[in-house]
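Trainee: Reading the sequence shown from the start, the letters are residues 1 to 278 in the UniProt record's numbering. Just so it is clear, CB atoms sit at the ideal spot from N, CA and C, and this is done for glycine as well. All values reported here derive from a predicted model rather than from experimental measurement.
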Amino acid sequence: MRIRSEHPSERPSEQLSVDREQPECPPMPRQAPYLAVADALRTRVLAGEWEVGTRLPSRARLAEEYGVGRNVLQRAVDRLIIEGLLEGRAGSGTYVRTPRERLRMLRSWHREHRGSRALAGQPERGRAGAWDAHSLVRVPAPEAIAERLAISPGDPCVNTQYEFLADGLPVQLSDSWEPMALTRGTPVVLPERGPLGGQGVVERMRAIGVAVETVVEVPRPARAGRAEAHLLGIGVGDLVLRIERTIYAGDGRPVETADIVIPDVRREVVYEFAVDVR
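1) Per DSSP, what kind of secondary structure is G200 in: helix, strand or coil?
2) Whole angstroms is fine: what's the gap from S108's alpha carbon to Q74's?
3) Can you tell me whether E213 is buried or exposed, with buried defined as 16 or more other CB within 10 angstroms of its CB?
4) Have a look at the DSSP bridge pairing and note the partners of R107.
5) How would you label Y271, buried or exposed, when you count the other beta carbons within 10 angstroms and need 16 or more for buried?
6) Report the residue ranges of all alpha helix (DSSP H) runs contained in full by the region 190-241; include only those spanning at least 4 residues, in chain order.
7) Does DSSP put V72 in a helix, in a strand, or in coil?
8) May I have the straight-line CA-CA distance separating V215 from L35, to the nearest angstrom?
9) Within 10 Å of its beta-carbon, does P263 have 16 or more other beta-carbons around it, so buried, or fewer, so exposed?
10) Taking the straight line between their C-alpha atoms, what separation do you get for I247 and G209?
11) Whole-angstrom Cβ separation of A146 and D155, contact assumed at under 8 Å?
12) Smallest Cα separation from E64: which of G84, W50, G48 and V37?
13) Does the count of Cβ pairs from the region 54-69 and the region 87-98 closer than 8 Å reach three?
14) Look at L149 and T257 and say whether their C-beta atoms are less than 8 Å apart.
15) Could you round the C-beta distance between V189 and V139 to whole angstroms and report it? I think they count as a contact, below 8 Å.
16) To which residues does DSSP link G88 through a beta bridge?
17) Using alpha carbons as the reference points, say which of D39, R206 and L239 lies closest to E268.
18) When DSSP labels each residue in this structure, what does L119 get in the three-state scheme?
19) Note down the Cα distance separating I151 from P33, rounded to an integer number of angstroms.
20) Just to confirm my understanding: we take Y66, look at its own chain, exclude 5 residues before and 5 after, and list those with CB closer than 6 Å. What are they?
21) Who are the near neighbours of L232 in its chain, counting only those whose CB is closer than 6 Å to its CB and skipping five residues on each side?
22) Skipping 5 residues on each side, what residues in its chain have a beta carbon closer than 8 Å to that of V277?
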């Protein structure tokens, strides 16, 4: 800012010249072309211009219609595939996808103390009624898992992979880890075997004198990888919710940690918390 002034004897008393330089505003960022095309296509799909199951015009034709290159059009279509509005069929084209009902999944530890078949939450409808589990023993803890379990990298763990089903559809994956230093030599070393198989972390730990007190969950939105997409029956890159969960004993010792994956297109995750009125 520059201020010019004159001595009162050199100018009329009623005049004061002040010249302020306005700072230049940075240009507003322009929307990426593929996002603009995706918005336009989304509007047409939601308006019903193309019915469910209808094949869209060729990508070359749509690219010409919107005045963009094929790569831009491809990115726009891929975005709508990820959002679940469209689906690509190999060798056939792109189609309007049949909407899937999105059910609510309630995660409420105080209500569901079966906790860890690594589920620790149940949908209000379409409840997971079946699951497959496969455990491996003496699996060296990866560095990230070791940090979460407060053990050393390479320490032996029981690693259990879960796949949960509801109404015949996969609704959740879980990769669970328990330190063998805690359960070795006990009847609860395998989460799904033995006298308390399938009873969850709380009951199993109680049986060996360990009282579970706290559960910490860190939810993060993510995109499905190839293996996850295959297991969940969704597209590669579809939205999922990843939950990093760790269960602690009353003395602060971690007793189990799990990476949970829930497909966003099928489930809306809702958290419920108990109120301590003491």
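Mentor: With the structure as the only source:
1) Of the three classes helix, strand and coil, the one that applies to G200 here is helix, per DSSP.
2) Each residue's Cα considered, the two are about 41 Å apart.
3) exposed
4) Y271
5) exposed
6) 200-207 and 226-232
7) helix
8) 39 Å
9) Looking at its Cβ environment, which holds 16 or more other Cβ atoms inside 10 Å, P263 is buried.
10) 15 Å
11) 6 Å
12) The closest CA to that of E64, considering only G84, W50, G48 and V37, is found on V37.
13) yes
14) Judged by their CB atoms, L149 and T257 are nearer to each other than the 8 Å cut-off.
15) About 13 Å separates the two Cβ atoms, so there is no contact after all.
16) The secondary-structure analysis by DSSP pairs G88 across a beta bridge with T94.
17) L239
18) The predicted position of L119 is uncertain, since its pLDDT is 40 and thus under 50; no value can be drawn from it.
19) 49 Å
20) V37
21) P170 and P263
22) none
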